[in-house]
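See below for the structure under consideration.
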Amino acid sequence: MTYDFAPLFRTAIGFDRLAQVMDTAARNTATPSYPPYDIAKTGNDSYALTMAVAGFGPEDIELVVQDNTLVVQGRVSTPQNEGEILHRGIARRAFERRFALADHVEVTGADMNNGLLRITVRQIMPEALKPRHISINTTRPDAPRIEPRQTAPDSTPAAA
């Protein structure tokens, strides 16, 4: 499947990463189903990723964030002597799951309880991306300078 982003690029600036994410998603058709997970929106700018990792301890799981990708890896620890296994219904196999993170999203924590790994994620709005008003300058010496309206008590007008 191919997407044509030419109309978007004619009127938008800086969306190169969107094309890259869409291309990666289209190429990755073999989505693993182990371990199962849920993604929930827990607030306006916060999310929770919950993975069912029965049989794994915190020392068996590694979380890495690199290049806007969260990588969750589970390694099988040395098996304990449980006797002769007659049926293995709990999958204790190694896994690697990758989750694409949007720009300005950070992983804020992870905890494990009752075989569920919960990873909390938050979207952070950098100061540079918050709305700001720009003052309008004029070349006429008799014209008054128009200052921007203040949106918050701590915001200052942009320097000319």
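Counting from 1 along the sequence shown, just add 89 to a position and that's the residue number in this note's numbering.
Here a beta-carbon is modelled for each residue, glycine too, at the ideal position from N, C-alpha and C.
Between residue 211 and the set 187, 121, 223 and 136, the nearest pair of CA atoms involves 136.
A residue is called buried when at least 16 other Cβ atoms come within 10 angstroms of its Cβ; residue 208 meets this threshold and is buried. Within its own chain, the residues whose Cβ lies closer than 7 angstroms to the Cβ of residue 127, once the five positions on either side in sequence are excluded, are 139, listed in chain order. Take the alpha-carbon of residue 125 and the one of residue 166: they are about 20 angstroms apart. Residue state for residue 151 is assigned as strand, using DSSP reduced to three classes. In the DSSP annotation of this structure, residue 122 is not part of any beta strand (DSSP E), being labelled neither H nor E. DSSP, read as helix, strand or coil, puts residue 190 in coil. When secondary structure is reduced to three states using DSSP, residue 175 falls in the coil class, being assigned neither helix nor strand. Counting every other CB atom within 10 Å of its CB across the protein chains shown gives residue 175 a total below 16, marking it as exposed.
Ranked by Cα distance from residue 213, the first of 226, 195, 202 and 225 is 195. Under the 8 angstroms Cβ criterion, the stretch 178-197 counts as touching the stretch 145-159, having at least three qualifying pairs.
A distance below 8 angstroms between beta-carbons, with the five flanking residues on each side excluded, links residue 238 to the following residues of its chain, in chain order: 222. Taking the C-beta atoms as reference points, residue 144 is found nearer than 7 angstroms to residue 181. Linking residue 158 to residue 228 through their CA atoms gives a straight-line distance of about 49 angstroms.
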